[in-house]
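Down below is the structure, laid out as structure tokens.
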Amino acid sequence: MMEIRYAANPTDTKKYTTEKLREEFLIESLFEEGKINLFYSHHDRVVIGGAIPTGEELKLDAGDALRTDYFLERREVGIVNIGPNGTVTVDGQTYDLKKRDCLYVGLGNKEVTLSSEDASNPARFYLVSSPAHKQYPTKVLPIADAEPTKLGSDSESNNRTIYKYIHGDGLQSCQLMMGMTLLEPNNMWNTMPAHVHDRRMEVYLYFDMEEESRVFHFMGEPSETRHLVVKNEQAIISPPWSIHSGVGTNNYTFIWAMAGENYTFKDMDFVKMEDLK
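The working numbering puts the first residue of the sequence shown at 137, with every later residue one more than the last.
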């Protein structure tokens with residue numbers, strides 16, 4: 137099954153209740169043992185998924201939602217393991233993923249299956265897929281080989297390390313960009329001052345959080361901000377017109393993924409603090 141999330145416009149979003157905001161933009165039940173859960177967003181046709189293989193391997197299946205013969209017939213996908221060791225098999229080729237390793241799988245691969253090294257301590261695969269027009273090689277980038285970028289400071293409560301996985305100078309793709317940000321202990325803010333990029337959407341997955349911890353994720357137009365309270369291993373669909381920033385009750389880790397018009401990190405419009413409301 138694939139849950140459909142339709143595109144929302146900023147004028148209507150201003151009037152949403154908390155319940156409606158969560159219904160439109162928050163993915164609460166992404167990970168379930170023994171299943172793949174998929175969510176199709178009409179914002180840039182991105183598919184977001186979570187999988188926990190506890191017995192037999194799980195197959196990435198298009199079902200009826202995409203109306204294609206197989207999931208990657210017209211798509212590409214990035215897969216990050218956020219749990220114990222696991223394996224992704226792509227058309228018979230096996231790729232081992234430790235925690236925080238990333239696999240890019242390109243257009244045209246017909247069969248993708250996911251399994252855990254230890255079913256009693258299963259892997260937790262997070263995936264984001266976007267439409268593709270060209271085939272790029274399927275390739276793993278271990279977290280140990282990803283280039284870290286240090287940003288922020290303790291004084292600003294945003295001392296963090298960014299790992300870029302899928303981008304112009306990393307794993308090659310058509311539209312999809314993907315990476316991970318780790319906040320140091322006692323640091324809680326991300327992406328502030330905020331920005332928007334009106335030509336592409338973004339998805340945030342928050343994880344490595346304690347059960348009682350929460351992230352207050354800020355969204356909306358810069359002059360009409362709203363917030364969503366997010367638990368561990370929940371994801372946010374961020375429309376192109378929305379800011380995407382958050383502050384946690386503790387430090388946390390998040391995976392960001394983007395797809396849309398432009399393929400560059402420079403395509404963003406920064407918002408001055410005095411313009412946020």
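Heads up, the beta-carbon is just placed ideally off N, CA and C, and yes, glycines get one too.
Taking the alpha-carbon positions, what's the residue i to residue j distance?
i    : j    : result
E292 : T361 : 21 Å
V407 : H333 : 11 Å
I372 : L157 : 11 Å
D227 : R350 : 39 Å
W325 : V264 : 24 Å
N257 : V213 : 25 Å
T317 : T147 : 31 Å
D411 : G288 : 21 Å
Y231 : A201 : 27 Å
T149 : T327 : 22 Å
S177 : R203 : 15 Å
I184 : L166 : 9 Å
M409 : H331 : 10 Å
G384 : F352 : 6 Å
A144 : I279 : 34 Å
I218 : Y152 : 32 Å
E164 : H179 : 18 Å
E320 : L162 : 25 Å
P189 : T225 : 13 Å
N221 : K413 : 43 Å
V182 : D290 : 34 Å
E414 : K367 : Residue 414 falls outside the range modelled here, since the chain spans only 137 to 413, and no answer is possible.
D205 : F175 : 18 Å
Counting contacts by CB-CB distance shorter than 8 Å, is residue i in contact with chain D?
i    : result
D205 : No chain D appears in the structure shown, which is made up of a single protein chain.
In terms of DSSP beta bridges, what is residue i paired with?
i    : result
A393 : M314, V339
F352 : V365, V383
Y240 : G214, K275
G222 : L233, S252
V183 : Y176, S265
Can you have a look at residue i and say buried or exposed, based on whether 16 or more other CB atoms are within 10 angstroms of its CB?
i    : result
T154 : exposed
E369 : buried
S359 : exposed
G304 : exposed
K402 : exposed
M429 : Nothing can be reported for residue 429: it is not among the residues displayed for the chain, which extend from 137 to 413.
G191 : exposed
E357 : buried
D281 : exposed
Y301 : buried
D237 : buried
G186 : buried
N107 : The chain is shown from 137 up to 413; residue 107 falls before or after that span and cannot be answered.
How is residue i classed by DSSP in three states: helix, strand or coil?
i    : result
P146 : helix
R158 : helix
E212 : strand
A282 : coil
S289 : coil
D232 : strand
D411 : helix
E139 : strand
A371 : strand
Y176 : strand
K377 : Residue 377 is actually Trp in this sequence, not Lys. In this structure, W377 counts as coil in the three-state DSSP scheme.
Touch test, the segment 393-400 against the segment 335-348, Cβ-Cβ under 8 Å, three pairs minimum: yes
Cβ pair count under 8 Å reaching 3, the segment 197-214 against the segment 266-281: yes
Three CB pairs or more closer than 8 Å across the segment 373-387 and the segment 238-252: no
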